[in-house]
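Visitor:
Protein chains in written order, with the working numbering: chain A, 1 to 443; chain B, 1 to 488.
#1: To be precise: take each residue of the region 67–79 of chain B, compare its Cβ to all Cβ atoms of chain A, and keep it if any distance is under 8 Å. Which residues remain?
#2: Residue 400(B) versus chain A: which residues are under 7 Å apart at the beta carbon?
#3: Between the C-alpha atoms of residue 305(A) and residue 210(B), what's the straight-line distance to the nearest angstrom?
#4: In three-state terms, what does DSSP make of residue 437(B)?
#5: Can you tell me which of the three DSSP states residue 468(B) falls into?
#6: Quick check on residue 67(A): does DSSP put it in helix, strand or coil?
#7: Using a beta-carbon distance below 8 Å, is residue 395(A) in contact with chain B?
#8: What are the start and end residues of each continuous alpha helix (DSSP H) run of 4 or more residues lying completely inside the region 231–298 of chain A, in chain order?
#9: Do you know whose CA, among 84(A), 21(A), 104(A), 3(A), lies nearest residue 300(A)'s CA?
#10: Return the first residue and the last residue of the alpha helix (DSSP H) that residue 170(A) is part of.
#11: Note down, in chain order, each residue of its chain lying with its Cβ closer than 6 Å to the Cβ of residue 241(A), except the 5 sequence neighbours on either side.
#12: Thinking just about the alpha-carbon of each residue, which of 272(A), 166(A), 443(A), 426(A) is nearest to the one in residue 22(B)?
#13: Could you confirm whether any beta carbon from chain B is found closer than 8 Å to the beta carbon of residue 417(A)?
#14: Given the structure, does residue 86(B) come close to the ligand NAP, in the sense that its CB is under 7 Å from one of the ligand's heavy atoms?
#15: Which residues, in order along the region 191–217 of chain B, keep a beta-carbon less than 7 Å from a beta-carbon of chain A?
#16: Measuring CB atoms only, is the region 21–39 of chain A touching the region 91–110 of chain B, in the sense that at least three cross pairs come out at less than 8 Å?
#17: In the DSSP assignment, find the unbroken alpha helix (DSSP H) run with residue 157(A) in it and report its ends.
#18: How would you list, in chain order, the residues of chain A whose beta-carbon sits under 8 Å from the beta-carbon of residue 311(B)?
#19: Please state if the CB of residue 41(B) and the CB of residue 302(A) are separated by a distance shorter than 8 Å.
#20: Closest Cβ-Cβ distance between residue 304(B) and chain A: below 8 Å?
#21: Cα-Cα, which of 75(B), 226(B), 318(B), 192(B) is closest to residue 169(A)?
#22: Measuring CB to CB, does residue 276(A) end up less than 8 Å from residue 320(A)?
#23: Please list the partners that residue 166(A) has in chain B, where partner means a Cβ-to-Cβ separation under 9 Å.
#24: For residue 356(A), report the span of its alpha helix (DSSP H) as first-last.
#25: If I measure Cβ to Cβ from residue 419(B) and keep anything under 7 Å in the same chain, skipping five residues before and after, which residues do I get?
#26: So is residue 39(B) in contact with chain A if we call contact Cβ pairs under 8 Å?
#27: Can you give me the C-alpha to C-alpha distance between residue 430(A) and residue 326(A), rounded to a whole angstrom?
#28: How long is the line joining the alpha carbons of residue 9(A) and residue 1(A), rounded to whole angstroms?
#29: Give a yes or no on whether 8 Å exceeds the smallest Cβ distance from residue 463(B) to chain A.
#30: Expressed to the nearest angstrom, what Euclidean distance is found between the alpha-carbon atoms of residue 153(A) and residue 183(A)?
#31: Would you identify the three-state DSSP class for residue 407(A), choosing helix, strand or coil?
#32: Can a CB atom of chain A be found closer than 8 Å to the CB of residue 414(B)?
#33: Does the distance from the C-beta atom of residue 192(B) to that of residue 58(A) stay below 8 Å?
#34: Looking at chain A, is there any beta carbon in it that lies within less than 8 Å of the beta carbon of residue 1(B)?
#35: With C-beta atoms as the reference, is residue 415(A) less than 8 Å away from residue 404(A)?
#36: According to DSSP, simplified to helix, strand and coil, what is residue 100(A)?
This is the structure we're talking about:
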């Protein structure tokens, strides 16, 4: 099967119009010596055969574990209308809306998405999406380096280690000085920030809630950052923003994050959604597509890709970023998800997450040998200290049908006995109780 | 259409989480809570469904319109791959599962998909190994350039420059610059090929790599490609293959055999995964043997007992370039597509893609000037130079095509062709579709001579006329609150 509609007669007529004897004639520019040395691929299969083979693979995955693993990527409920609407092929088989007259649906949807991201983060402007939370954080860092003309970055160690590692990878060929400041009692260390902050600092990067689930109010630290002329960047978990103080309220200049929790399935790591919002004075430093409203020649409102002189297709090596394709369909899902929930529903989502995690903390703290860390408030994820190595406990809990959390020893030295547990709105009281009972049995 | 915010009514709900089944907890201290409530639109579920359904109807898409957008390979996206990617066994799997102790066995199906896709792409391109992590084509480019940088650093010399032709995609120089390189641009000669003399002059031991698209953005296969690669290698530079145009070469030539060291593939182009209105795509990167040790971690391996696992033990790896294993949902669709096509289907894809492009070129070259009159590969590039003399520019042609129900070709790219019209029909379009499009293009050429105003006024039949893009850039309105203010 190859989805090709041509009949032999079509091919004959087309070759004749071209003036070629055969299809091979069309490939004459490829010298014989450069033809494939091998092209050892399997024979074609039917749709039914491939569907059956992949069903077997899907069945080998244990997607049905009761999930308490988060660590930046969360198991949230997705209303059916999100799939139905984003599954309309007028959306998913289109491409970047370069031609506004035949892309108003996409352009307006992205404008609405941008507006939603501004509302969630409390900032002025958003772009049309980036790949994921980690690359979005890298782009934010690059904005700060360009904006300040400096080359030092202070990184809070409460930022997801995956993202910190990505920042190091991306800058390995650039001359950037990184300083990591420690987390103390769950929150960002004020003392360490003041020690390292100076007039060479381009930006300070925080995460809220941080990787350990702890919630902070960074307002005082952002104020210090600004005193030194540096930018403050926050990586945030959007679902928490129904409840938590926004990056805008704390004075952050740029907010980024992973938008997977806004109606996008976990899907083994992607596709996800990097979002970015910033203060309006930084808009010309932003990477990627941006949609703006304008009017047509008859004065009617319409939407276009705008401020494109920042972008690679015009500015080439002087562009603010190399990004071209983004995650538009995931941004659309987020816009639909938020539109379904509305203000009330979104607040409810945030509150359910907070309350279920608080319930789980209370229930787990009753287990002998389990110590729930309470030095700082948390949102929907928290840390517990176990009497032995957390990864062994995780292993035993898989046998009981639970993905019970993320063992922190994998990312942090000396934290082998710590487990990071996420509780979303999907987890029922019964599942939380059952988690506690099983945990009690295996430790 | 009104914005969704303008359809808001206090008290409406489109979704409810019901009553929480746990007791109310002590509220979070106020200093941690947001004071300004997010002003999100409140609508019923039907309101939301109707809003986005009606928005969708304002788009041209592959499923509704011929979409010959050059360089983007807007081929048909088979439906069965969408169904597979939506199965819970795939889409509900947490990416950290295989990183838990004993968790690898719980993700064997997905790990096998990654492992097998890696092997298939390696055979298709003639490369030694792949990373599937890059999340789009440009992300693949950046990854590839970082691999090149790691290779040179490992050999003790950083090198300073990356060479790109003036016909390259904008992402090539942008990716090189972001990875810390300076860019040298080589002009295209009067024959449509890279200017070899200039190229030789610019090549030296400070050049880290040469980035090329093949067939190039003019739709031409350069028969001197091997010589270009050999010259780069002799100078110690590596060859980078921009895979945007791989569709033309399936089974006909492999980047690895042509002398390329690093290759990125756009799965959303060649391997038929939907473009999603701008993404998500996927940009896997393949490398030759000497670069394998630098590939990002983790990598998926197959153990002797035929199980699959993640391997992090590559001390020279550049590290993490994405949080996990790439855009898994996209990779899965591409895998299913390759399995259905098989060897013969892949070869036929390249053949018919090239046939369709040459057919368009042959039938239109009497009416539009060709940038370079050669046999083309999967796309043909015209110049509307002749029409522009009568005031009908490439942009006007594009707008007239929209009125006739066609998504326009790529216009004004490559930058070296004045008034460029870059047509990529792809293999999934029938002769009838092409004939209708060609007839419309011929009609436009005729109108450009007899009644140019008819073309320059277009579009007349779309929901909006041409938009004031200058105003959009000078008075940016990027958020609905700005719209509110402007209404007042």
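Note that beta-carbon positions come from the ideal geometry of N, C-alpha and C, so glycine has one too. Predicted model only: the values in this text are computed from it and were never measured.
Guide: Here's the rundown:
#1: 67, 69, 72, 74, 75, 76, 77, 78
#2: In the second chain, the residue the question calls residue 400(B) occupies position 400. What residue 400(B) touches in chain A: nothing, since even the nearest Cβ is about 11 Å away.
#3: The residue given as residue 305(A) occupies position 305 in the first chain. The residue given as residue 210(B) occupies position 210 in the second chain. Taking the straight line joining both Cα atoms gives about 31 Å.
#4: Position 437 of the second chain, counted from the start, is the residue given in the question as residue 437(B). Three-state result, residue 437(B): helix.
#5: Mapped onto the second chain, residue 468(B) falls at position 468. In this structure, residue 468(B) counts as coil in the three-state DSSP scheme.
#6: On the first chain, residue 67(A) is found 67 positions in, with the first residue counted as 1. Residue state, collapsed to three classes: strand.
#7: Taking the first residue of the first chain as 1, we reach residue 395(A) at position 395. Judged by the 8 Å Cβ criterion, residue 395(A) is in contact with chain B.
#8: 247–250
#9: What you label residue 300(A) is simply residue 300 of the first chain in a count that begins at 1. Residue 300(A) has its Cα closest to that of 104(A), out of 84(A), 21(A), 104(A), 3(A).
#10: Here residue 170(A) is taken as the residue at index 170 of the first chain, counted from 1. Element bounds for residue 170(A): 161–170.
#11: On the first chain, residue 241(A) is found 241 positions in, with the first residue counted as 1. If we look at residue 241(A) and ignore the five residues flanking it on each side, its Cβ neighbours are 120.
#12: For this step, residue 22(B) is matched to residue 22 along the second chain. Answer by Cα proximity: 426(A).
#13: By one-based count along the first chain, residue 417(A) stands at place 417. So, not an interface residue.
#14: Ligands in the displayed structure: none, and consequently the ligand NAP is not present.
#15: none
#16: no
#17: As a first step, residue 157(A) is located in the first chain; it is residue number 157 there, counting from the start. It is not in any alpha helix (DSSP H) - residue 157(A) carries neither H nor E in the DSSP assignment.
#18: Reading the second chain from its first residue, position 311 is the one you call residue 311(B). By Cβ distance, chain A contributes nothing, its closest Cβ being about 15 Å from residue 311(B), past 8 Å.
#19: Working through the first chain from its first residue, we reach residue 302(A) at position 302. Working through the second chain from its first residue, we reach residue 41(B) at position 41. Contact: no.
#20: Numbered from its first residue, the second chain carries residue 304(B) at position 304. So no, residue 304(B) is outside the interface.
#21: The residue you call residue 169(A) lines up with position 169 of the first chain. Considering only alpha carbons, the answer is 318(B).
#22: Locating residue 276(A) in the first chain gives position 276, counting from the first residue. Locating residue 320(A) in the first chain gives position 320, counting from the first residue. No, the pair does not count as a contact, with Cβ atoms beyond the cut-off.
#23: Sequence index remark: in the first chain, residue 166(A) carries index 166 (1-based). The contacting residues are 319, 320, 321, 322, 323.
#24: As a first step, residue 356(A) must be located in the first chain, where it is residue number 356. Start and end: 328–364.
#25: For the purposes of this step, residue 419(B) is identified with residue 419 of the second chain, where counting begins at 1. Correct list, in chain order: 383, 384, 385, 388, 393, 394.
#26: Locating residue 39(B) in the second chain gives position 39, counting from the first residue. Closer than 8 Å: yes.
#27: Working through the first chain from its first residue, we reach residue 430(A) at position 430. Working through the first chain from its first residue, we reach residue 326(A) at position 326. One C-alpha to the other measures close to 40 Å.
#28: Stepping through the first chain from its first residue, residue 9(A) is reached at position 9. Stepping through the first chain from its first residue, residue 1(A) is reached at position 1. Cα to Cα, residue 9(A) sits roughly 19 Å from residue 1(A).
#29: Start at 1 with the first residue of the second chain, and residue 463(B) comes out as number 463. Yes, residue 463(B) counts as interfacial toward chain A.
#30: Position 153 of the first chain holds residue 153(A). Position 183 of the first chain holds residue 183(A). Looking at the two C-alpha atoms, the distance is approximately 17 Å.
#31: Numbered from its first residue, the first chain carries residue 407(A) at position 407. In this structure, residue 407(A) counts as strand in the three-state DSSP scheme.
#32: Taking the first residue of the second chain as position 1, residue 414(B) is located at position 414. No, residue 414(B) does not count as interfacial toward chain A.
#33: Taking the second chain and counting its residues from 1, the one referred to as residue 192(B) is at position 192. Taking the first chain and counting its residues from 1, the one referred to as residue 58(A) is at position 58. No; because the gap between Cβ atoms is not below 8 Å, this pair is not in contact.
#34: Taking the second chain and counting its residues from 1, one reaches residue 1(B) at position 1. So, interface residue.
#35: Reading the first chain from its first residue, position 415 is the one you call residue 415(A). Reading the first chain from its first residue, position 404 is the one you call residue 404(A). Not in contact: residue 415(A) and residue 404(A) (Cβ atoms no closer than 8 Å).
#36: Mapped onto the first chain, residue 100(A) falls at position 100. Three-state DSSP puts residue 100(A) in a helix.
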